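There are 2 protein chains.
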Amino acid sequence: MSLVVIGTVAFDALETPFGKTDKIVGGAATYIGLSASYSVKPVKVVAVVGDDFPQSDILSLQEHGVDTEGLQIKQGEKSFFWSGKYSNDLNSRETLVTELNVLADFDPIIPDSYQDCKYLMLGNLTPQIQRLVIQRLVNRPKLIVMDTMNFWMDVALDELKTTIEMVDVLSINDEEARQLSGVHSLVKAAKIIMAMGPKYLIIKKGEHGALLFHKNKVFYAPALPLEEVFDPTGAGDTFAGGFIGHLAATDDISFDNMKRAVIHGSAMASFCVEKFGTERLLNLTQEEIEAREQQFADLVAVIPATAVQNV
Amino acid sequence: MSLVVIGTVAFDALETPFGKTDKIVGGAATYIGLSASYSVKPVKVVAVVGDDFPQSDILSLQEHGVDTEGLQIKQGEKSFFWSGKYSNDLNSRETLVTELNVLADFDPIIPDSYQDCKYLMLGNLTPQIQRLVIQRLVNRPKLIVMDTMNFWMDVALDELKTTIEMVDVLSINDEEARQLSGVHSLVKAAKIIMAMGPKYLIIKKGEHGALLFHKNKVFYAPALPLEEVFDPTGAGDTFAGGFIGHLAATDDISFDNMKRAVIHGSAMASFCVEKFGTERLLNLTQEEIEAREQQFADLVAVIPATAVQNV
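Chains as they are written, first to last, in UniProt numbering: chain R, 1 to 311; chain Z, 1 to 311.
Next up, the structure:
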């Protein structure tokens, strides 16, 4: 069930209340690819880096089952770089540096071997480039999942809406859902956004979990209450990677299976935040993942009462 | 399973983005009593009002199964009055007026007929008065649930801690849990607060649901995503009333039954916010309540997959 992922492969420099990093490997496609690789291999990545990107990190992706044939390496250019600093409660972050570098004129080339794409994950990028990938696939994938962010709502709303219209599942956070719909109630926002095209909408609420909407149905996946969130970077991408990875692995896009995919994605994201960057995603076992998914199931499990209330 | 509730019976004047009210009946004991009355009757209330409190509203409480023998009516005095205005997103509110009136020298008198108390709900009040009620009960109740608020943390922290030490279940919101514990992580906060005395801790997260902690166990009850929240006043009290009402009705304080009590309380709170004040709580049917509880169950329900991931 061929899975293609487009997004950034980049450098991040992070500062959280618990420490700071030098340039480490990040980017939406990196997190998505690593996360999805625990469900399905290969994960075919379309992205661009400069010649400053370490070969060892490309090898590391490959070892995890990430196909890098679609990863362009631009000689004499530098990789995309983002630096940010999180607030003390990790609920907000400030961008310190954004250097587009190779992203400035990124032209996504789809290798022939990617044309069997059945599941397409559009990681956060300019909506024009996301659309170009859809257009360059000869056959429309069975399922297209799109992630985006408020930045594109601010600077390219019409382009964004054109791309949103073409996808099956949109994944955004609560504030982005409110901005895109213009209403505060997430239930109302979901209706407005699904009327824009996507049949499914995922609203991520960070430490409060995620909502999956489809027609009049709604599913609530809580987040695991964690003792410590170390670094939230990449959590949303890791969630998306787990979500589409599970769907691609099972090749089942029923609403019931999407619920399971949301739980799996939430479990993957709960690992991601335990360490800086991709560190935790590089060394997971299936046993750890299954145990974490069981924790999610236990968290909301209620045994039905046999007793009847005595009113 | 005798249930005693202490709290305010009062007047509120509310302003939300959807409208405003004149003085209407409110108060923690009113919401708790009405909510619990759908599980167990009678609900024995200890409170105080002035002679301005309408007899018709006392009759209305009685018709719902609220025992008002412990409701003192102070001649020549006025009832507690609170007026508040909510922000546009309903996430914060500003107190416009607080008139203590009869509350200023409230001396809670426990009628003899209340001494069979097995379940005690301490609605939000000064921690000294909450403690006095515990002390005036000849036998310690089987379960004591306490609600409080950040105000007492600001002005009477030592008194508050003395009372918290005496109760079994503490119910507070996320910001209050952070303030009381001094830490941001709710998992850490729960450990710190349970070390202060309560064996169980409920952390209410408003539109994000509620967490129930006990020892190393945690249960997450999501809130129902609502199209419209009309007036959040009393939602926390209504939750608490539903919670202890369910426990008293079933006389089962196992962790499994506490989970069901949290779901029931959440369902009751989801009704409360649909109309101004107590309006919605005055006219519920068991069928409506059961249907709403089913919605909560459906919201998190996942059918286990039979298929195995093909990694």
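Glycine included, every Cβ here is placed at the ideal spot set by N, Cα and C.
The structure displayed is predicted, hence computed values, not measured ones.
Neighbour-count burial assignment, residue i, 16 or more Cβ in a 10 Å radius
i: Ala235/Z; result: buried
i: residue 315/R; result: The structure shown has nothing for residue 315/R, since chain R only spans 1 to 311.
i: Ala195/R; result: exposed
i: Val210/Z; result: Per the sequence shown, residue 210/Z should be read as Ala rather than Val. Classification of Ala210/Z: buried, given that the 10 Å Cβ count is 16 or more.
i: Phe80/R; result: buried
i: Gln130/Z; result: buried
i: Thr238/R; result: buried
i: Gly76/R; result: exposed
i: Leu281/R; result: buried
i: Val311/R; result: Only weak support is given to the placement of Val311/R: the predicted model assigns it a pLDDT of 41, under 50, and the question is left unresolved by the model.
i: residue 363/R; result: Here chain R covers residues 1 to 311 and nothing more, so residue 363/R does not appear.
i: Ala104/Z; result: exposed
i: Ile6/Z; result: buried
i: Val308/Z; result: Its pLDDT being 44, under 50, Val308/Z is placed unreliably in this model, and the value from its coordinates should be taken loosely. The residue in question, Val308/Z, is exposed, as its Cβ has fewer than 16 Cβ neighbours within 10 Å.
i: Ser35/Z; result: buried
i: Val97/R; result: exposed
i: Val155/Z; result: exposed
i: Ala47/Z; result: buried
i: Ala297/R; result: exposed
i: Ser171/Z; result: buried
Cβ-based neighbour list, residue i, same chain, cut-off 7 Å, excluding 5 preceding and 5 following
i: Gly65/R; result: Ser37, Lys41, Pro42 and Val43
i: His184/R; result: Arg178
i: Ala10/Z; result: Gly26, Gly27, Ser79, Phe80, Phe81 and Trp82
i: Phe255/R; result: His214 and Lys217
i: Ser113/R; result: Glu69
i: Lys259/Z; result: Leu212 and Phe219
Residues near residue i by beta carbon distance below 6 Å, same chain, minus five either side
i: Ser181/R; result: Ala189, Ile192 and Ile193
i: Val145/Z; result: Met121, Val169 and Ile244
i: Glu15/Z; result: Lys85
i: Ile110/R; result: Arg136
i: Phe276/Z; result: Thr21 and Asp231
i: Cys117/Z; result: Ser2, Val4, Leu137 and Pro141
i: Gly19/R; result: none
i: Thr162/Z; result: none
i: Gly265/R; result: Phe239, Gly242 and Phe243
i: Gly197/Z; result: Ile164 and Glu165
i: Asp67/R; result: Pro42 and Lys44
DSSP beta-bridge partners of residue i
i: Gly70/R; result: Val46/R
i: Thr95/Z; result: Gly84/Z
i: Ser171/Z; result: Asp147/Z and Ile202/Z
i: Tyr220/Z; result: Leu211/Z
i: Ala13/Z; result: Ser83/Z
i: Met121/R; result: Val5/R and Val145/R
i: Lys20/Z; result: Glu15/Z
i: Gly26/Z; result: Ala10/Z
Nonlocal neighbours in the same chain, by C-beta distance under 8 Å from residue i, ignoring five residues either side
i: Met153/R; result: Leu160, Glu176, Gln179 and Leu180
i: Leu100/Z; result: Phe80
i: Asn88/Z; result: Pro17
i: Thr95/Z; result: Trp82, Ser83 and Gly84
i: Glu288/R; result: Phe271
i: Lys23/Z; result: Phe11, Asp12, Ala13 and Phe81
- Task: Scan the region 247 to 277 of chain Z for residues whose Cβ lies nearer than 8 Å to a Cβ of chain R and list them as they occur along the chain.
- Result: Ala249, Thr250, Asp252, Asp256, Asn257, Lys259, Arg260 and Ile263
- Task: Taking a Cβ distance cut-off of 9 Å, strictly less, list which residues of the region 141 to 174 of chain R are near chain Z, in chain order.
- Result: none
- Which residues, in order along the region 216 to 229 of chain R, keep a beta-carbon less than 8 Å from a beta-carbon of chain Z? Val218, Phe219, Tyr220, Ala221, Pro222, Pro225, Leu226, Glu227, Glu228 and Val229
- Residues from the region 182 to 193 of chain R in contact with chain Z, defined by Cβ distance under 7 Å: His184, Ser185, Leu186, Val187 and Lys188
- At least three beta-carbon pairs within less than 8 Å, the region 218 to 233 of chain R to the region 206 to 222 of chain Z: yes
- Message: To be precise: take each residue of the region 83 to 99 of chain R, compare its Cβ to all Cβ atoms of chain Z, and keep it if any distance is under 7 Å. Which residues remain?
- Response: Asp89
- For the region 194 to 206 of chain R, which residues have a beta carbon sitting closer than 8 Å to at least one beta carbon of chain Z? Lys205
- Item | Contact list for the region 21 to 32 of chain Z against chain R, Cβ threshold 9 Å | none
- What are the residues of the region 64 to 78 of chain Z that lie near chain R, defined by any Cβ-Cβ distance shorter than 7 Å? none
- Message: Give me the subset of the region 124 to 140 of chain Z whose CB atoms are less than 9 Å from a CB atom of chain R, sorted by chain position.
- Response: none
- Check each residue of the region 30 to 60 of chain Z: if its Cβ is closer than 9 Å to any Cβ of chain R, include it; give the result in chain order. Ser37, Tyr38, Ser39, Val40 and Lys41
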